[in-house]
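I have placed the structure first, in the form of structure tokens, so that the comments after it can refer back to it.
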Amino acid sequence: MTGAANVTMNSTPLPGRTPRVASSMWRRRTAVVGLLGLAFIVMVAIAASWIAPHPPGQTDLSNVLAPPVWAGGDAANLLGTDGLGRDVLSRVIYGARSSVLISASAMLIGGTLGLITGLIAGFFGGIVDTVIMRLGDIQLALPFILIAIVILGMLPERRPHHLILVLGVPAWIVYARVVRSRVLTERESDYVQAATTLGASGFRRIFRYILPQVWGVLPAIALVDLSNLVVMESTLSFLGFGLSAPDVSWGQILADGRGSMAMAPWLSIIPGLAIMFTVLSINLAVESPGLETRRRLWRLPSRRATRPAGDTHPSMKPAGSAALEQPEDVLLSVRDLAVDFQAHRDSPAVHAVRGVDLDVRRGQIVGIVGESGSGKSVTAYAISRLLAPTARIARGSVHFDGTELTEMPERRMRRIRGRRIGMIFQNPTGSLNPVLTVGFQMVEAIRSNRPMGRKQARALAADALRDVGFGNPEDVLRRHPFRLSGGQNQRVMIAMTMVVEPELLLADEPTTALDVTTQAQVLDQLRRVRDEHGVSVVIISHDIGLIGEIADEVVVMYAGRVCESGPAEQVLLDPQHPYTKALLSSVPTPEVIAAGNLEGIPGDLPDASAIIPGCPFAARCPAVMDVCHIAVPALLPVPAGQTVACHLYTTEAEVLQR
Amino acid sequence: MALFLLRRTTQMIVVVICVVTLVFVLLRIAGGDPARLMNAADASEEVIAATQARLGLDQPLAVQYLYFLRSIVTGDFGRSFHGGYEVRDVVFAALPNTVALAVVTVLVSTAFALLLGIGSALLRGTLLDRAVQVYVSLAQSTPSFWLAVMLVLVFAVNLSWLPAIDFTGPISFVLPVITLMVALTPILIRTIRQSFVETLERDYIRAARARGVSNARVLMIHTLKVASLPLITLVGLQSGMILAGSYVVEVIFNWPGIGKLAVDALASRNYPMVQGSVLIAAVAFVLVNFVVDILYSVLDPRIRLGAEA
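Each protein sequence line maps, in turn, to chains A and B. First residue of the first sequence? That's -1 in the numbering used here, and the numbers climb one at a time after it. First residue of the second sequence? That's 72 in the numbering used here, and the numbers climb one at a time after it.
Encoded structure:
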């Protein structure tokens, strides 16, 4: 298959990326506020000796516990004085100096140690790596605060360098882990491999190629570390294990002031606000868009899906809904169904499905075939009303056994899902909850839809598993899905879905993730489901060969529209639409491969957010005419027996050419 | 599973030995000579030598280390310098108070964080979500000791609603637990919210809904069980934070627990008491992490069975 054909795994169209931009704007703004706050604190710390009105240790016993200016104090002590008559403002300013000095130095020490050990561990690997990482594990398992308190508590006098070491050194492992994993990834990357092949020396590789990549992750970790350090430093000071006088720290001011809390509450409040301001600034700075961080967990809100009442979408021409008749045994009838994805109010809508007509009779297997992004899976999800929150049904109707599903309240819809419309998915293992056993999930599925005791449901589940070919159902029931193979899980899914005897089964790429032999088993099961229970099946696949093998009717979709539908043999053996023809000729059959002239379809799918005035396939169609660019072809029956949406068979072409 | 248990137990024992050794080394290096500290400052050299002999301090360091290990195994931490109580008795009397505080804190914090985390995950982009986000930012920036002091200032000193200090029954839990909760919940809420948002987008959640499973079951069983796994690890990781927080909280609220015991003992250089309280706290910390690991593997079959295979 050539690249141009691109008939690959199906996936739901992704909504636009616009919200990211909006959020990064917002994040940039908070980051700027944070960085400004941080800069302010650093400036105060540096300029402490010039801007502080008094020396921090200067006592004045004639002026103890003077109130701050807002509480009637004088301007000589803007923030009042403490129990020894020391100026609080000056002490807070000098406290900033201690806090910045200790936290920043500790961060640098931890960061440097971590960077070096991380580089060594990642680069040399083997026993060196194991030893370093095990040491790190042990250190992380040690209660850091206890050890810090014991070490500091034993010291007769604590100077800044003591705190810097005690706080800084233990943080190495946090940096080392990240640096190491970065180095490991980078070491395997192509350009580093290439440099190695070219004979770049080990250290050259580290400095030239690996270090620049590692730099990227460090600022974010360093900032998070810094905010912890600020809190730790002041906590230790508060507990009496921080800096000894004459050095001042915020925690110490608070501890000193606590005794006179009732009389001088500002002594307790002010240093806390200083700490909070610092930590908040750092936390906001972490949000900088340039920083890679795992801490940024608050993802953007996405718009909840709502179906606005009476929504009038600028309607494209409904694709010939009147042309299709509706026989009596039709179980599911979809008319002009359109689905839009919109991640955010302001982002452009993606038109994943642009008007689909589909009929499924009782006991019939209908195959929907199309490339990735043709809207075939979205159609199935829209029918069962399981669309992603960002998607909505823009227009159209889904009639199931005489009931309109698009308008149905969620409560009633839930009684149809599972019970009357079953669904199986492309990724069978991912469709089963990994932490619950198969038995639990089957019993739950049965009891959600049929009033039945637990025991009875379990017996039924075992029978259902036996039906899909498991010789040891009891054993399978006890297992977790990840202990089963993909094919086994898909059979479990089929059993689980069919055990409640739905009338319609929607199978979205049920065999794509499976190997060829397992595919055959799963297809067999689907056929049996229809033959033995009379269930209607809609099977969705990008594989036209598979569809031909199992389906009675085929619907070919392109860019969210149906371009051809009809009895399987008719459509596959005598295709009328140029797209169907192209699709069929891109299927690799042994003869074609031997002849070496496998054809692809040149060009790509049209932009899903664009409004296409004409036939969506026009840009890639070998038989394109002028009319194809300006008018949407209606889905009409053609003499060969199927219905086709192509201007080769409409009257518009003649009208225009006349 | 057996192999996994064995590996984790070995790891735990190694860590405990490390802690014990570290405490020994720290006390010997930084602590000075306990024999001199135990006696009056003007005690004669004979008296000191006798004390050293009684405490085994005249032995080589290696022998002392072995004695030290034996005293730990037998639970004999010696007598307090002040009052001469058995350290063991004092420590074990204080331990339940700390444990009670920690347990209540973890339960309340987890419930609170689940409520806000799940709420904001389900109501993404609404006012509630924004409000929770603001709470998380503020709580993250608030130092525990300051919050504790502020709570005392407002509720005990100014309003006199609650007892400021001393242990007077259940009501005493209110302020300490709030203090610790504010320290713990920001990360918990962020993790729960993120984990819920991610889990809700999984294929198996959609598949469960496609099977007609009710919304309540999808949320409470399918989503919660998977989404709460990171929560368990987190609570384990945060036992360090609880420990650190309990030191602060116990000192401020005069809570008769291990933390206050250790801080007081350090302040008065009461080494046997420091040794006993620090060891117990360290072992408790390591044990909690061990239990959390085991719990995690029980709840997540992928780990349990993966280790077995």
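All C-beta atoms in this analysis are idealised placements derived from N, C-alpha and C, irrespective of residue type, glycine included.
Two segments are said to touch when three or more pairs of C-beta atoms, one from each, lie closer than 8 Å; by this definition the region 502 to 517 of chain A does not touch the region 447 to 458 of chain A.
Bounds of the alpha helix (DSSP H) holding V212 (chain A) are 209 to 213.
Annotation: Cβ neighbours of T213 (chain B) in chain A (cutoff 7 Å, chain order): M274. In the three-state reduction of the DSSP assignment, H627 (chain A) falls in the helix class. Rounded to the nearest angstrom, the Cβ distance from S225 (chain A) to S235 (chain A) is 16 Å, too far for a contact under 8 Å.
For a Cβ distance threshold of 7 Å, residue set L384, R415 of chain A lies close to R280 (chain B), ordered along the chain. A straight line joining the alpha-carbon of L370 (chain B) with that of D127 (chain A) spans about 31 Å. Identification of chain B residues near P263 (chain A) by a Cβ-Cβ cut-off of 7 Å yields L224, ordered along the chain. From the listed residues A:V535, A:C561, A:A557, the smallest Cα separation to A549 (chain A) is found for A:V535. In the DSSP assignment, A389 (chain A) falls within the beta strand (DSSP E) that extends over 389 to 398. For the C-beta of L144 (chain A), the chain B residues within less than 8 Å are, from N- to C-terminus, L314, A333, V349, A352, A353, F356. In the DSSP secondary-structure assignment, R415 (chain A) is bridged to A:I419.
Going by DSSP, V223 (chain B) is part of no alpha helix (DSSP H) at all; its letter is neither H nor E. CA-to-CA, the gap between G467 (chain A) and V552 (chain A) works out to about 28 Å. Nearest neighbour of N431 (chain A) by Cα position, chosen from B:V359, B:V118, B:D274, turns out to be B:D274. Near chain B, meaning a CB-to-CB distance below 8 Å, the residues of the region 235 to 253 of chain A are F236, L237, G238, F239, G249, L252.
With fewer than 16 other Cβ atoms from the protein chains shown falling within 10 Å of its own Cβ, R413 (chain A) counts as exposed.
About 19 Å separates the CB atoms of I422 (chain A) and L403 (chain A); that is not less than 8 Å, and the two are not in contact. Each residue's CA atom was taken as its position, placing T81 (chain B) and Y206 (chain B) some 41 Å apart. The C-beta of I149 (chain A) comes closer than 8 Å to at least one C-beta of chain B. In the same chain as P631 (chain A), and ignoring 5 residues on each side of it, the C-beta atoms closer than 6 Å to its own belong to C613, A643, C644, H645, T648, in chain order. Where T641 (chain A) is concerned, the enclosing beta strand (DSSP E) starts and stops at 641 to 643. Spanning the alpha carbons of V490 (chain A) and L463 (chain A) requires a straight line of approximately 7 Å. Judged by DSSP in its simplified three-state form, L502 (chain A) adopts strand. When only Cα atoms are considered, A218 (chain A) and I303 (chain B) end up about 25 Å apart. Nearest in C-alpha terms to M411 (chain A), of all of B:N286, B:V319, B:A352, B:A336, is B:N286. Closer than 8 Å to the CB of L278 (chain A) there is at least one CB belonging to chain B. Counting of Cβ neighbours within 10 angstroms places Q56 (chain A) among the exposed residues, the total staying below 16.
Shown here, S96 (chain A) sits in a helix according to DSSP, grouped into three states.
Not one beta carbon of chain B lies nearer than 8 Å to the beta carbon of S539 (chain A).
Per DSSP, the unbroken alpha helix (DSSP H) holding E231 (chain A) starts and ends at 216 to 237. Look at Y367 (chain B): its C-beta is not under 8 Å from any C-beta on chain A.
A350 (chain A) carries a strand assignment under DSSP once its states are collapsed to helix, strand and coil. When the beta-carbon positions are compared, C619 (chain A) and P565 (chain A) stay at least 8 Å from each other. Only residues of its own chain outside the window of five on either side were considered, and among them none has a CB closer than 6 Å to the CB of M291 (chain B). Assignment of S279 (chain A) by DSSP, reduced to helix, strand and coil, places it in the helix class.
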